[in-house]
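Novice: Before we start, here is the structure in question, set down as structure tokens.
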Amino acid sequence: MNRKTILRILLLMGIGGVIGLILSFGLMKLNQYNHMKILEEISDFFIEYTVLIYIVLFVCLFLPAVFQYIKAKKNYDRTALVSDDEIDTFESKGEYAFQLSMLINGVFLILNLMLFGMTFNRTRENLLLVLFLFLFSSICAAVLEIIAIRYIQEIDNRLKGKPTSLKFNKEFLESCDEAEKFRIYKSGYHAFQFSRNASLGLIVLTILCNIVLSTGVFPVFVSCMIMLIQITSYNYYTLKTK
Amino acid sequence: MPLKNTLKIQRAKMGINQSDLGKLVGVSRQTISLIERGDYNPSITLVLKLCKVFNVSVEEVFCYQEDQENE
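From first to last, the protein sequence lines stand for chains P and H. For the first sequence, our numbering assigns the number 425 to the last residue and increments by one with no breaks. For the second sequence, our numbering assigns the number 72 to the last residue and increments by one with no breaks.
Okay, structure coming up:
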């Protein structure tokens, strides 16, 4: 280990210490106020305005996802009318809009699930309406994803797999060519590295919250389980593909 | 990328577009485009398939050029 590496480790430790100190002081300051009351107020807000939040999510996320999908489709359709040199331009525009559409749709689905989990209460007044909105939103998101995948398979009939099948991921990956597989593996590895660091940050945050705000052991347990699953599954598949 | 190629020239000689060439060797049009631009180094299998389609030797389509930094 050379001097540069040691200095870098010391610098990182110093930065970590400063971040920890700021976070601890911030949380201690928050603890001075009645933070449980603030959390209860936030929870009450979500419960009171559940229907409105579902509608806002639908308008602000699902509709833009549909708009991006239509934009992607238009760009892909134009590739049939242009020369080889111009195809790349329209195709990259189409791909960008397509990925953006799928990203927004995914976020919409997760936020719907989160809202449902946070506001579900069997004794609430408009339970049936909330259940209907949750199911409707989830079905809309799933249908958009299925339609988008089928469209991609329609323009490139090499790509196999039924989007509604449990074996879809395997069949789709097997039908991809070598460059596509390379891209999937590369982005998968980067996503793993990023989510591992994010999980570590989440663990530190939940531990600090438990120490300073007494939020309980459950958030710490869940965040540690997420990281445990990530690391063990990665190593399992590394050994499996050896 | 140190791997240079004449894929575009060979394809023009045959009079086919990227999509047709992709179908002949079993890859997407995008992959052909990536190889032509030098953004992706194909596998040995794909290189051999391409050369078979063009009916030429590997050296006529692909050549390895050392980076100046590596020399």
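Even for Gly, the Cβ is constructed at its ideal location relative to N, Cα and C.
1. Are the stretch 271 to 285 of chain P and the stretch 252 to 259 of chain P in contact at 8 Å, needing three or more beta carbon pairs?
2. Here's a check: name, in chain order, each residue in its chain whose Cβ is nearer than 7 Å to the Cβ of Ile-332 (chain P), leaving out the five neighbours to either side.
3. Count the other C-beta atoms from every protein chain shown that fall within 10 angstroms of the C-beta of Ile-1 (chain H), then say buried if there are 16 or more, exposed otherwise.
4. What are the residues of the stretch 349 to 373 of chain P that lie near chain H, defined by any Cβ-Cβ distance shorter than 8 Å?
5. For Leu-422 (chain P) and Leu-388 (chain P), I'd like the C-alpha separation in whole angstroms.
6. Assign Cys-52 (chain H) to one of three DSSP states: helix, strand, or coil.
7. Going by other Cβ atoms of all chains shown within 10 Å of its Cβ, with 16 needed for buried, is Glu-37 (chain H) buried or exposed?
8. Just to confirm before moving on: does the CB-CB distance between Leu-8 (chain H) and Val-28 (chain H) stay below 8 Å?
9. Within a Cβ cutoff of 6 Å, which residues of the same chain sit near Val-395 (chain P), ignoring the five residues on either side of it in sequence?
10. Between the stretch 312 to 326 of chain P and the stretch 291 to 303 of chain P, can you find at least three pairs of beta-carbon atoms closer than 8 Å?
11. Find the residues of chain P that neighbour Asn-18 (chain H), judging by a C-beta separation of less than 8 Å, and give them in chain order.
12. Report the CB separation of Ile-302 (chain P) from Thr-398 (chain P) in whole angstroms; it is logged as a contact under 8 Å.
13. Flag Glu-439 (chain P) as yes if its beta-carbon sits less than 8 Å from any beta-carbon of chain H, otherwise no.
14. Pairs of beta-carbons, one from the stretch 240 to 254 of chain P and one from the stretch 281 to 289 of chain P, closer than 8 Å: are there three or more?
15. Considering only DSSP beta bridges, list what Tyr-65 (chain H) is partnered with.
16. Report the three-state DSSP secondary structure of Lys-187 (chain P) (helix, strand or coil).
17. Since Arg-38 (chain H) is in the alpha helix (DSSP H), which residue starts that stretch and which ends it?
18. Cβ of Ser-370 (chain P) within 8 Å of Cβ of Gln-413 (chain P)?
19. Tell me whether Thr-415 (chain P) is buried or exposed, calling it buried when 16 or more other Cβ atoms sit within 10 Å of its Cβ.
20. Grouping DSSP H, G and I as helix and E and B as strand, with all else coil, what is Gly-16 (chain H)?
21. If you draw a straight line from the C-alpha of Lys-14 (chain H) to the C-alpha of Phe-63 (chain H), how long is it?
22. Keeping to the same chain, check which residues put their C-beta closer than 8 Å to that of Glu-72 (chain H); ignore five residues upstream and five downstream.
23. With a threshold of 16 other CB atoms inside 10 Å of the CB of Ala-263 (chain P), please say whether the residue is buried or exposed.
24. Less than 8 Å between CB atoms is the rule here; does Glu-328 (chain P) satisfy it with respect to chain H?
25. What residues in the stretch 269 to 281 of chain P have a beta carbon less than 8 Å from any beta carbon of chain H?
26. Which residue's Cα is closest to the Cα of Leu-49 (chain H): H:Gln-66, H:Tyr-65, H:Leu-35 and H:Val-26?
27. Just the Cα atoms here: how many angstroms apart are Tyr-417 (chain P) and Ser-378 (chain P)?
28. For Leu-349 (chain P), which option in P:Ile-329, P:Tyr-334 and P:Leu-246 has the closest C-alpha, if you only look at C-alpha atoms?
29. Which residues of chain H have a Cβ atom closer than 8 Å to the Cβ of Arg-341 (chain P), listed in chain order?
30. Are the C-beta atoms of Leu-47 (chain H) and some chain P residue less than 8 Å apart?
31. Since Ala-324 (chain P) is in the alpha helix (DSSP H), which residue starts that stretch and which ends it?
32. Can you give me the Cβ contacts of Thr-188 (chain P) inside the same chain, cut-off strictly under 8 Å, excluding the 5 residues immediately before and after it?
Specialist: In brief:
1. yes
2. Pro-346
3. The structure shown has nothing for residue 1 (chain H), since chain H only spans 2 to 72.
4. Asp-360, Glu-361, Ala-362, Glu-363 and Phe-365
5. If I take the Cα positions, the gap works out to 31 Å.
6. helix
7. Its Cβ being crowded by 16 or more others within 10 Å, Glu-37 (chain H) is buried.
8. Leu-8 (chain H) places its beta carbon 8 Å or farther from that of Val-28 (chain H).
9. Leu-210, Met-211 and Asn-214
10. Contact between the stretch 291 to 303 of chain P and the stretch 312 to 326 of chain P is present, with at least three C-beta pairs closer than 8 Å.
11. Asp-267
12. The identity of residue 302 (chain P) in the sequence shown is Thr, whereas the question assumes Ile. About 20 Å; that fails the 8 Å criterion.
13. The shown model of chain P, from 184 to 425, leaves out residue 439 (chain P), and the question about it has no answer.
14. yes
15. H:Leu-4
16. helix
17. 30 to 38
18. Not closer than 8 Å, so no.
19. exposed
20. Coil, per DSSP.
21. 16 Å
22. Its pLDDT being 46, under 50, Glu-72 (chain H) is placed unreliably in this model, and the value from its coordinates should be taken loosely. Residues of the same chain with their beta carbon placed closer than 8 Å to that of Glu-72 (chain H) are lacking, with the five preceding and five following residues left out of the count.
23. exposed
24. Not one chain H Cβ lies under 8 Å of Glu-328 (chain P).
25. Along the stretch 269 to 281 of chain P, going in chain order, the ones with a CB nearer than 8 Å to a CB of chain H are Ile-270, Asp-271 and Glu-274.
26. Answer by Cα proximity: H:Val-26.
27. 12 Å
28. Closest by alpha carbon: P:Ile-329.
29. Gly-27 and Ser-29, listed in chain order.
30. yes
31. 310 to 338
32. Here the set comprises nothing.
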